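3 is the number of the first residue of the sequence shown in our numbering; add one for each residue after it.
Virtual Cβ for every residue (Gly too), placed ideally from N, Cα, C.
All figures in this text were calculated on a predicted structure; none of them were measured in a lab.
A quick write-up on the structure given underneath.
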Amino acid sequence: MSGRPVLLRGGRVVDGERGTIETTDVRILGDRIVEVGRLSPGRDELVRDVDGLCVAPGWIDTHTHADCAAFLNSENQPLALANLRQGVTTQVCGNCGYGAFPVSEPHRDDLTEHLVPALGPGTRGFPSMQAWARAVSDAPLYTNLAPLVGHGTVRASVMGFEDRAATDSEVTRMEQLLSECLEQGAFGLSTGLIYSPGVFATMEELVRLARVSARHGAPYVSHLRNETDHVQQAVQEAIEIGRQSAAGVHISHHKVAGRANWGSIQKTLGQIDQARAQGLDVTVDVYPYTAGSTALQAFQPPAGTGSSSPRHRPEPTPRDARWPAWPSRRITIPST
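As structure tokens, then:
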């Protein structure tokens, strides 16, 4: 940032400690707030009238899929700028097991197709966190990025989209890939346990990978295995992964969906409170609206689907049509 001082005049400053809102001026020098109060412009000072606006630090959006936003073309550039225009200056990406790295060459085509619904039109796959970071640094970047390592990407890079438990050697290879990404600067491990291929992972696999994350001082961040009828079991699984691995646990976009389950969020919050009282590091984030957005793949019953590669979709069966969760769903499908 330039060494020239900046004076923000007449903004609304919220004091979190006193709970007050005051109309005042803020002087900034470099990356520091140096003075707050009724201030007079100094020599060569850049003055900005922010009357009626709130003066705040940049927001951190803890749940995004902005891994490839830097690669959007000019036509899609407004998408890349959307968060910045809302005051977001740092985005945590690589959530829900979807990450742009590490993508292995044998599975590149399937993985890239799999990532597009989450990462958007700029989607690219990279062999390592380091390669992704170099590409992002060379592209227009509008916010800071804090990438997680997507478990789904790691798993698919090792064993594709196969519907089975990973072998010991396959999990060992996943551990190696995860460790390399964390050593190169990734911020943690994310899972998306309603999505292929994460849905096929056993708890043993997840505990082993979470231990790698814990050794690097990084968290285990999870889109739970269920957010409807079995959400309490899913919350308990996440807590138990934290207990066995010593990793901090963060539950993404915590909610309870389905009309029949409304109100049971009190039970899941009770589980989390109990875990925290036992000394476990368990946190959640919540979005401020009453709808969700995901791929139709998430509504496909996971059992018995065989390979779930984007190129190998199973044919519909009567079992799919009778899936009991459907009556409590409300779905809007926009045209594309």
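Restricting attention to 258, 269, 220 and 274, the CA atom closest to the CA of residue 240 is found in 274. In this structure, DSSP gives residue 196 a state outside helix and strand, which the three-state scheme calls coil. With respect to residue 49, residue 11 sits close: the two C-beta atoms are nearer than 8 Å.
For residue 149, the enclosing beta strand (DSSP E) begins and ends at 146 to 149. Put simply, of 213, 120 and 79 the residue whose alpha carbon is nearest the alpha carbon of residue 298 is 120.
Taking the C-beta atoms as reference points, residue 250 is found no nearer than 8 Å to residue 194. With fewer than three CB-CB distances shorter than 8 Å, the stretch 203 to 222 does not count as touching the stretch 259 to 276. In this structure the stretch 179 to 197 does not lie against the stretch 59 to 72, because fewer than three pairs of beta carbons, one per stretch, are closer than 8 Å. Here residue 84 is exposed. Its C-beta has fewer than 16 other C-beta atoms within 10 Å.
The Cβ-Cβ distance between residue 96 and residue 149 falls below 8 Å. Excluding sequence positions up to five before and after residue 177, its CB lies within less than 7 Å of the CB of 210, 211 and 214, all in the same chain and listed in chain order.
Restricted to the stretch 175 to 219, the beta strand (DSSP E) segments that are unbroken, complete and at least 3 residues in length are 191 to 194, listed in chain order.
In the DSSP assignment, residue 239 falls within the alpha helix (DSSP H) that extends over 233 to 247.
When the Cα atoms are used, residue 227 and residue 255 turn out to be separated by approximately 13 Å.
Contact between the stretch 93 to 110 and the stretch 223 to 238 is present: 3 or more CB-CB pairs across the two stretches fall below 8 Å.
From the listed residues 24, 152, 103 and 61, the smallest Cα separation to residue 54 is found for 24.
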